[in-house]
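Asks:
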Amino acid sequence: MRTLYVRIVLTFALIALISGVIAFLFSNLYYQIKLKDYNEEKILEVAQEISFLYEHSNGAMPVDNYLNRIANMNFQLYLVNQEMEGFRFGDEFRSYELDAKVIQSVLNGEIYHGISEFQSSLFVTGFFKDDIKNSIGVPIVVEGQNQALFVRPNVEKQFGEMRIVFSILLGLTFLISLALIAIFAGFLVRPIKKLTKATRRIAGGHYDIQLDHNRKDEIGDLARDFQRMAVSLKKLDDMRQEFVSNVSHEIQSPLTSIRGFTKAIRTKSVPAEQADQYLEIIEKESGRLSSLSKQLLMLSSLDKEAKAVDKELFRLDEQIREVVLLTEWEWSKNKLKMDLDLPEIVVKADRQLFQQVWTNLLTNSIKFTEEAGTISISATIDEQIVVTLRDTGTGIPEEELPYIFDRFYMADKSRNRTQSGSGLGLSVVKKVIDLHEGEIKVTSKLGEGTEFMIRLPWE
């Protein structure tokens with residue numbers, strides 16, 4: 033299995049190789065279009081100059097000696113006389129195959145453009161092929177007779193050292209590039225390896241990770257986001273453990289009471305009147321367990337969001353009045369005054385969930401409003417639907433307001449069993465309103481009361 037490091041190195045090496053091939057192809061294209069004809073013109077000038085100088089030397093030097101001296105200046109020469117006899121001067125050509133018609137045309141005074149016509153290769157390497165066909169042919173007058181002189185530079189002697197230099201240069205460039213790619217790939221992969229180790233630590237339940245988040249590139253962004261994710265996962269894990277602890281406490285407490293009172297009644301160690309009190313307590317604790325299970329099931333359903341919401345049109349004002357009637361026995365027992373100001377409001381929402389919202393809010397106000405107090409519920413419609421529930425109850429300390437929608441908050445703070453409840457009611461309320469893209473705000477003063485304001489989108 034290839035690691036990311038090996039993949040990066042191989043990828044960059046392949047890129048360098050492909051880039052070299054493409055550059056080579058483009059350089060060959062440039063040679064074929066621009067340099068090939070220019071190169072031939074230069075060699076043609078040299079060949080014509082060789083012919084001109086000999087013809088105007090008035091036989092001062094035999095042609096063999098003259099051409100040998102020219103060949104010593106790193107040229108390959110081939111002289112053909114009228115009898116089609118060929119004589120080599122300088123290094124041998126690789127091939128002497130040449131059409132007799134071409135030789136005859138040069139003997140007749142024409143010029144042979146072999147370099148531009150040579151088609152053995154489309155690459156610049158064809159320039160280095162020392163065939164007689166890949167040369168320039170010019171006529172030359174020797175002892176009063178036209179002869180054909182074929183000229184080409186001895187590339188191996190003229191540029192042999194440079195070919196070695198360029199080969200070494202290209203080879204070293206590629207090898208050094210590979211080495212640098214291998215080194216810098218390590219720097220690229222190192223933070224990813226750290227992220228991999230951090231992922232394994234998180235999978236093992238360890239969230240105290242430290243990453244290099246000072247980088248200003250994409251790796252730095254990833255490290256910062258990963259760090260934030262680790263913090264969020266730690267909070268989520270803490271909440272999960274706290275949730276389990278709270279649920280265990282909420283269930284264990286009434287079960288302990290039920291078991292203790294049931295044992296006392298079963299052993300008949302208490303009088304009948306006290307047994308009735310115990311049965312009443314058992315009934316209340318059983319009801320609290322039932323309420324807790326219902327709230328937990330509802331929160332679990334709401335956490336699935338899309339599956340939990342089933343919107344329909346209904347009269348919101350009628351629903352609130354219905355909840356007030358359903359709780360009449362509770363608020364009338366404490367002689368509370370209900371003040372309703374509810375105009376006709378049609379809303380598109382989940383009817384069952386909002387029934388729970390108003391029930392939870394109203395029972396909460398009833399629970400914490402002293403005898404002869406007042407609970408007011410009003411609603412208005414502007415750009416949004418605004419429902420306000422206000423009571424004259426005991427109020428909530430200001431420092432506790434940010435936490436009242438946390439699950440089991442009430443149970444965490446006091447564990448007070450004098451008031452029934454699970455500490456989940458307001459969590460359900462907040463979750464339902466969030467799912468309907470609404471907003472809930474709470475203001476409260478100790479000894480004066482509490483106000484809940486719910487804003488809902490109006491369609």
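So in this note's numbering, spot 346 of the sequence shown is number 378, and the numbers just go up one at a time.
Where is the CB? At the ideal position from N, CA and C, for every residue including glycine.
(1) Considering Cα atoms alone, identify which of 470, 435, 478, 477 is closest to residue 458.
(2) Less than 8 angstroms between C-beta atoms, sequence neighbours within five positions excluded: which residues of the same chain meet that for residue 411?
(3) Whole angstroms are fine: how far does the CA of residue 437 sit from the CA of residue 341?
(4) For the structure I just gave you, are there three or more beta carbon pairs, one from the stretch 205 to 212 and one from the stretch 162 to 171, closer than 8 angstroms?
(5) Do you know how far the Cα of residue 409 is from the Cα of residue 370?
(6) How would you label residue 473, buried or exposed, when you count the other beta carbons within 10 angstroms and need 16 or more for buried?
(7) May I ask which residues mark the beginning and end of the alpha helix (DSSP H) holding residue 70?
(8) Rounded to whole angstroms, what is the Cα-Cα separation between residue 343 and residue 397?
(9) Look at the Cβ atom of residue 255, then the Cβ atom of residue 243, and state whether they are nearer than 8 angstroms.
(10) Would you report the Cα separation of residue 117 and residue 67, rounded to the nearest angstrom?
(11) Could you work out which residue in 113, 361, 305 is closest to residue 172 when comparing CA atoms only?
(12) For the candidate residues 404, 219, 145, 48, whose alpha-carbon lies nearest to that of residue 71?
(13) So what's residue 372 in DSSP terms, helix, strand or just coil?
(14) Report the partner residues of residue 329 according to the DSSP bridge assignment.
(15) Are the stretch 117 to 137 and the stretch 72 to 80 in contact at 8 angstroms, needing three or more beta carbon pairs?
(16) Just the C-alpha distance for residue 451 and residue 431, rounded to the nearest angstrom, thanks.
(17) Where does the unbroken alpha helix (DSSP H) through residue 138 begin, and where does it stop?
(18) By Cβ distance below 6 angstroms, which residues in the same chain neighbour residue 476 in space, the five residues on each side in sequence not counted?
(19) Rounded to whole angstroms, what is the Cα-Cα separation between residue 319 and residue 366?
(20) Quick one: does residue 174 have its CB under 8 angstroms from some CB of chain D?
(21) Tell me the DSSP bridge mates of residue 177?
(22) Quick one: what's got a C-beta closer than 6 angstroms to residue 469's C-beta in the same chain, skipping five residues either side?
(23) Helix, strand or coil for residue 473? Go by DSSP, reduced to three states.
(24) Should the stretch 86 to 102 be regarded as contacting the stretch 249 to 266, the criterion being three or more beta carbon pairs within less than 8 angstroms?
(25) Quick one: using the 10 Å Cβ neighbour count with 16 as the cut-off for buried, is residue 424 buried or exposed?
(26) Can residue 367 be considered in contact with the ligand GTP, in the sense that its beta carbon sits closer than 7 angstroms to one or more heavy atoms?
(27) Start and end of the beta strand (DSSP E) containing residue 435?
(28) Considering Cα atoms alone, identify which of 381, 210, 368, 382 is closest to residue 399.
(29) If you draw a straight line from the C-alpha of residue 395 to the C-alpha of residue 301, how long is it?
(30) Would you kindly report the start and end of the unbroken beta strand (DSSP E) that includes residue 101?
(31) Below 8 angstroms, how does it come out for the stretch 259 to 266 and the stretch 287 to 307: are there three or more Cβ pairs, yes or no?
(32) Here's a check: name, in chain order, each residue in its chain whose Cβ is nearer than 7 angstroms to the Cβ of residue 40, leaving out the five neighbours to either side.
(33) In its own chain, which residues sit with a C-beta less than 8 angstroms from the C-beta of residue 311, not counting the 5 before and 5 after it?
Replies: Taking the geometry as given:
(1) For residue 458, the closest of 470, 435, 478, 477 by C-alpha to C-alpha distance is 435.
(2) Excluding positions up to five away in sequence, the list reads 348, 349, 352, 373, 374, 375, 377, 417, 418, 419, 420.
(3) Taking the Cα positions, residue 341 is about 20 angstroms away from residue 437.
(4) Contact between the stretch 205 to 212 and the stretch 162 to 171 is absent: fewer than 3 CB-CB pairs across the two stretches fall below 8 angstroms.
(5) Taken atom to atom, the span from the alpha-carbon of residue 370 to that of residue 409 is near 8 angstroms.
(6) Exposed: under 16 other Cβ atoms inside 10 Å.
(7) Note, residue 70: alpha helix (DSSP H), 68 to 87.
(8) Spanning the two alpha carbons is a distance of roughly 27 angstroms.
(9) Contact annotation: residue 255 and residue 243 have beta-carbon atoms nearer than 8 angstroms.
(10) Taking the Cα positions, residue 117 is about 33 angstroms away from residue 67.
(11) Out of 113, 361, 305, 113 has the C-alpha closest to the C-alpha of residue 172.
(12) Residue 71 has its Cα closest to that of 145, out of 404, 219, 145, 48.
(13) Per DSSP, reduced to three states, the secondary structure at residue 372 is strand.
(14) According to DSSP, which records beta bridges pairwise, residue 329 is partnered with nothing at all.
(15) The stretch 117 to 137 vs the stretch 72 to 80: no contact.
(16) Low confidence applies here, because residue 451 scores a pLDDT of 47, under 50, leaving its location unreliable and the question unanswered by this model.
(17) 132 to 139 is the extent of the alpha helix (DSSP H) around residue 138.
(18) Here the set comprises 427, 428, 482.
(19) Answer to the nearest angstrom: the Cα atoms are 21 angstroms apart.
(20) Included in the structure is just one protein chain, with no chain D present.
(21) Note: residue 177 is bridge-paired with 174 in the DSSP secondary-structure output.
(22) Within the same chain, residue 469 has close Cβ partners 489.
(23) When DSSP states are grouped into helix, strand and coil, residue 473 belongs to the strand group.
(24) By the Cβ criterion, the stretch 86 to 102 is not in contact with the stretch 249 to 266, since fewer than three pairs of Cβ atoms, one from each stretch, lie closer than 8 angstroms.
(25) Buried.
(26) With respect to the ligand GTP, the structure shown offers nothing to examine, as it has no ligands at all.
(27) For residue 435, there is no enclosing beta strand (DSSP E), as DSSP gives it neither H nor E.
(28) It is 368.
(29) One Cα belongs to residue 395, the other to residue 301, and the distance between them is close to 37 angstroms.
(30) Note, residue 101: premise wrong, no beta strand (DSSP E); alpha helix (DSSP H) at 95 to 103.
(31) Between the stretch 259 to 266 and the stretch 287 to 307, the count of Cβ pairs shorter than 8 angstroms is below three; the stretches do not touch.
(32) Once the five neighbours on either side are set aside, the close Cβ partners of residue 40 are 217, 220, 221.
(33) Same-chain partners within the cutoff: 293, 297.
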